[in-house]
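**Student:**
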Amino acid sequence: MSESTPSQNFDPVASRKRCRKFRKRILEISQQVMALHIGSAFSCTEIVECIYFSLMRNGPSHNSPDTFLMSKGHGCMIQYVILESMGILSRQDLDQYCTPEGRLGCHPDYGNPGIEASTGSLGHGLSMAIGMAIAEKGFGKDGIIYAVLSDGELQEGSTWEAIMMASSLNVDNLVVFIDNNDFQSLGRTSETHPSFYPVDDKFTAFGWEAVEVEGHDTQKIFETVTSRSGTKPLAVICKTTKGKGISYMENIPIWHYRSPNPEEYLIGLKELDEQRS
Amino acid sequence: MRNTFSEALYEAAKNDPSIYIVVADISPAGSMAQFSTEYPDRFINVGVAEQSMIGICAGLALKGCQPFAYTIATFSLYRPFEFIRDDLGYQNLPVTVVGMGAGIIYSTLGGTHHTQEDIAIAGAIPNMQILAPCDPLECIDATKYCATQKTGPIYLRIGKAGEPVVTENAAEPWKFGKLRYITRGTDVCVMSYGVIMKQAKEVADTLRAQGNSVSLVSAHTLKPLDRDGIADALKSHNKVIVIEEHAPQGGLAPQTKQIAWDIRATCDLHTFTLKDAFIHNYGSHDDLLAAHGISVDKILSSIG
Chain D
7 MSESTPSQNF DPVASRKRCR KFRKRILEIS QQVMALHIGS AFSCTEIVEC IYFSLMRNGP
67 SHNSPDTFLM SKGHGCMIQY VILESMGILS RQDLDQYCTP EGRLGCHPDY GNPGIEASTG
127 SLGHGLSMAI GMAIAEKGFG KDGIIYAVLS DGELQEGSTW EAIMMASSLN VDNLVVFIDN
187 NDFQSLGRTS ETHPSFYPVD DKFTAFGWEA VEVEGHDTQK IFETVTSRSG TKPLAVICKT
247 TKGKGISYME NIPIWHYRSP NPEEYLIGLK ELDEQRS
Chain V
212 MRNTFSEALY EAAKNDPSIY IVVADISPAG SMAQFSTEYP DRFINVGVAE QSMIGICAGL
272 ALKGCQPFAY TIATFSLYRP FEFIRDDLGY QNLPVTVVGM GAGIIYSTLG GTHHTQEDIA
332 IAGAIPNMQI LAPCDPLECI DATKYCATQK TGPIYLRIGK AGEPVVTENA AEPWKFGKLR
392 YITRGTDVCV MSYGVIMKQA KEVADTLRAQ GNSVSLVSAH TLKPLDRDGI ADALKSHNKV
452 IVIEEHAPQG GLAPQTKQIA WDIRATCDLH TFTLKDAFIH NYGSHDDLLA AHGISVDKIL
512 SSIG
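These protein sequence lines are chains D and V, in that order.
Per my numbering, the first sequence starts with residue 7, numbered consecutively.
Per my numbering, the second sequence starts with residue 212, numbered consecutively.
1. Determine the direct distance from the alpha carbon of residue 213/D to that of residue 122/D, and round the result to whole angstroms.
2. Hey, residue 399/V and residue 452/V: beta-carbon distance below 8 Å or not?
3. How about residue 222/D and residue 195/D: are their beta carbons less than 8 Å apart?
4. Would you report the Cα separation of residue 390/V and residue 455/V, rounded to the nearest angstrom?
5. Hey, is residue 1/D's beta-carbon within less than 8 Å of any beta-carbon in chain V?
6. Taking 8 Å as the threshold, find out whether the stretch 274-286 of chain V comes into contact with the stretch 129-145 of chain D through three or more Cβ pairs.
7. Around the Cβ of residue 40/D, are there at least 16 other Cβ atoms within 10 angstroms (buried) or fewer (exposed)?
8. At which residues does the alpha helix (DSSP H) containing residue 39/D begin and terminate?
9. Going along chain V in order, which residues have a C-beta closer than 7 Å to the C-beta of residue 168/D?
10. Where residue 308/V and residue 239/V are concerned, what is the direct C-alpha to C-alpha distance, given to the nearest angstrom?
11. Is the stretch 90-108 of chain D close to the stretch 44-52 of chain D, with three or more CB pairs under 8 Å?
12. Listed from N- to C-terminal order along the chain, which residues in the stretch 110-137 of chain D have their beta-carbon within a distance smaller than 9 Å of any beta-carbon of chain V?
13. In its own chain, which residues sit with a C-beta less than 7 Å from the C-beta of residue 168/D, not counting the 5 before and 5 after it?
14. Please go through the same chain and pick out, in chain order, the residues whose beta-carbon is closer than 6 Å to the beta-carbon of residue 354/V, but skip the five residues on each side of it.
15. Would residue 129/D and residue 73/D be called neighbours here (beta carbons separated by less than 8 Å)?
16. Specify, as a first and last residue, the run of the alpha helix (DSSP H) that residue 454/V falls within.
17. Once the 5 residues before and after residue 344/V are set aside, which same chain residues still bring their CB inside 6 Å of it?
18. Suppose you measure from the CA of residue 503/V to the CA of residue 488/V; what does that come to, to the nearest Å?
19. Evaluate the contact criterion for the stretch 414-429 of chain V versus the stretch 377-395 of chain V: three or more CB pairs, one atom per stretch, below 8 Å.
20. Below 8 Å, can you find three or more Cβ-Cβ pairs linking the stretch 93-101 of chain D to the stretch 52-60 of chain D?
21. Go ahead and label residue 420/V buried or exposed: buried means 16 or more other beta carbons lie within 10 angstroms of its beta carbon, across all protein chains shown.
22. Quick one, which of 494/V, 244/V, 408/V has its alpha-carbon nearest residue 321/V's?
23. Contact check, residue 334/V vs residue 434/V under 8 Å by CB: the rounded distance?
24. Identify whether residue 202/D lies in helix, strand or coil by the three-state DSSP scheme.
25. Applying a beta-carbon distance threshold of less than 8 Å, which residues of chain D neighbour residue 257/V?
26. Going residue by residue through the stretch 412-471 of chain V, where are the continuous beta strand (DSSP E) segments of at least 3 residues, counting only ones entirely within it?
27. Going along the stretch 270-291 of chain V in order, which residues come within less than 9 Å of chain D, judged by CB to CB distance?
28. Are the CB atoms of residue 182/D and residue 239/D nearer to each other than 8 Å?
29. Look at the alpha carbon of residue 163/D and the alpha carbon of residue 78/D, and state the distance between them as a whole number of angstroms.
Encoded structure:
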């Protein structure tokens, strides 16, 4: 496979600072629109930040040779605020989120700046990512496809069709992150689907390289990806906490979709500020 | 027709490295086998995994490729429907979903292998184009269009094997989005698409032998439908006969009736479709069509 050369050395302090900033920005937006999937965005904040700022060459820009695909489309608010921070989306885009004047909704829509595929219906992203990876190789390019899937999304049969195919097709330029926060709408995945665990074994059985990491540690995510063999597709099983960063949100299913009221908002901001390192 | 499709696709694909063929565990008919040998990187067999077939095609198209998804119609369109809607329709990607052996061609395999509603289902998706060539020659033209267009997704409904050539001396060339007059007349217009053009031609030939001036028309593009062309046909003939291998809803027949109402057509309009019923009997393709009222004799006796 072609080597992916991340554009910068990893800076854990800067990474944590960015993640805090992005969570605060998402909290801010939560005060203008109620439909946010805030818990899902906070769950994968470190994963997406690491992909954009440390793994993709040229970072979140129009000219990165690498591709990011948010298969768990409902977590896209973290993608939006990162794209905003890099000027790919505008502040106005975010101000008009989910309004008749705007172009951004609760799920990524292909055609908007920085959005590589429309998602929202779970179980679509991995097959599309495989197709993208095949195309990159077919055109003789060295692009890496990065995709983020939810753990609930792993229950879709289509996802397993794709997991089966990726290794069989020798798609070695594909890196998939599983946002394994253990929650879906009706409770803990480990309780509703106990036989599903451990997850990494399932990927390994289908010919993938699979590694489990602490999903809120960007340095570990970075090191896991950059030290991969590069001969197989890589699955990074990220152990995460839904609603990470705000105590009253963590592991509470209602925060999958609910937005904080003004009082909760201030508490959330305070908690994030107290996490300065 | 599937071999002709394969030959046309092979010719297009060998000169265009962006063309991929993604199949779901179906034997590569005709030249497709040659393609798979010569260009193994661009021939992908996903196995019995039709959702993945469509998703991979979408990913290829998102990166600038021109993919074809190919398997038996019921599995290429019905099984992965939501992927076709979201990945291809919603994102408006130039992917061709080939429905091979569409309609009730698989006449001994039972209802699980029939597509009686495919035009209605595919046609309901915004951005979707639908082509249904009536013979191997039209299949070549349609495949060439699919291999080069960037408008959006296409459902290409084709037959299987043994379809006769009916357009060799057609009055008009194939043109995307336009009715095609195979023969031009002034009294009766027989309009059809797909492999039952064979029966439509027999109806037209019989009516012509009876002294009528008969048009035989291929409505090969079901979406976008040539509404103006159909309106003209309704206005310029005394009698219009629509024959289609499709359920009564959502196909050519009801759309023709709608156009006839819109333009206050005064001609006689007869439509022959499959019934709104599954088929539990077996036999030849013609046997099953006849069971649903589509045979040359029944059509001729019905139109009086």
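Beta carbons: idealized from backbone N, C-alpha and C, even for Gly.
**Tutor:** Inspection of the coordinates gives the following:
1. Against the first sequence, residue 122/D aligns to sequence position 116. Against the first sequence, residue 213/D aligns to sequence position 207. About 26 Å.
2. Taking the second sequence and counting its residues from 1, one reaches residue 399/V at position 188. Taking the second sequence and counting its residues from 1, one reaches residue 452/V at position 241. Contact flag set, yes.
3. Position 216 of the first sequence, counted from the first residue, corresponds to residue 222/D. Position 189 of the first sequence, counted from the first residue, corresponds to residue 195/D. Contact flag unset, no.
4. For the purposes of this step, residue 390/V is taken as residue 179 along the second sequence, with counting starting at 1. For the purposes of this step, residue 455/V is taken as residue 244 along the second sequence, with counting starting at 1. Taking the straight line joining both Cα atoms gives about 15 Å.
5. Since the first residue of chain D shown is 7 and the last is 283, residue 1/D is not available in this structure.
6. yes
7. The count along the first sequence starts at 1 and reaches residue 40/D at position 34. Exposed.
8. Here residue 39/D refers to the residue found at position 33 when the first sequence is read from its first residue. Taken as a continuous stretch (DSSP letters only), residue 39/D belongs to no alpha helix (DSSP H), as it is neither H nor E.
9. Here residue 168/D corresponds to residue number 162 of the first sequence, with the count starting at 1. Those within 7 Å of residue 168/D in chain V are 263, 266.
10. Position 97 of the second sequence, counting from 1, holds the residue named residue 308/V. Position 28 of the second sequence, counting from 1, holds the residue named residue 239/V. Straight-line Cα distance between these residues: approximately 15 Å.
11. no
12. 115, 116, 117, 122, 123, 124, 125, 126, 127, 129, 130, 131, 132, 133, 134, 135, 136, 137
13. Along the first sequence, one-based indexing puts residue 168/D at 162. Same-chain partners within the cutoff: 132, 133, 136.
14. Residue 354/V sits at position 143 when you count from the first residue of the second sequence. Cβ neighbours of residue 354/V beyond the five flanking positions: 216, 219, 220.
15. By one-based count along the first sequence, residue 129/D stands at place 123. By one-based count along the first sequence, residue 73/D stands at place 67. Contact: no.
16. Residue 454/V sits at position 243 when you count from the first residue of the second sequence. Unbroken run through residue 454/V is the beta strand (DSSP E), 450-454; no alpha helix (DSSP H).
17. Position 133 of the second sequence, counted from the first residue, corresponds to residue 344/V. Hits under 6 Å: 350, 353, 431.
18. By one-based count along the second sequence, residue 503/V stands at place 292. By one-based count along the second sequence, residue 488/V stands at place 277. Straight-line Cα distance between these residues: approximately 9 Å.
19. yes
20. no
21. Position 209 of the second sequence, counting from 1, holds the residue named residue 420/V. Exposed, by the Cβ-count rule.
22. Here residue 321/V corresponds to residue number 110 of the second sequence, with the count starting at 1. If we check each option's Cα against that of residue 321/V, 494/V comes out closest.
23. Sequence index remark: in the second sequence, residue 334/V carries index 123 (1-based). Sequence index remark: in the second sequence, residue 434/V carries index 223 (1-based). About 5 Å separates the two Cβ atoms, so the contact holds.
24. Residue mapping note: residue 202/D aligns to position 196 of the first sequence, counting from 1. DSSP places residue 202/D in helix when its eight states are reduced to three.
25. Here residue 257/V refers to the residue found at position 46 when the second sequence is read from its first residue. 167, 171, listed in chain order.
26. 425-429, 432-434, 450-454
27. 270, 271, 272, 273, 274, 275, 276, 278, 291
28. Against the first sequence, residue 182/D aligns to sequence position 176. Against the first sequence, residue 239/D aligns to sequence position 233. Yes, these two residues count as a Cβ contact at 8 Å.
29. For the purposes of this step, residue 163/D is identified with residue 157 of the first sequence, where counting begins at 1. For the purposes of this step, residue 78/D is identified with residue 72 of the first sequence, where counting begins at 1. Rounded to the nearest angstrom, the two C-alpha atoms are 15 Å apart.
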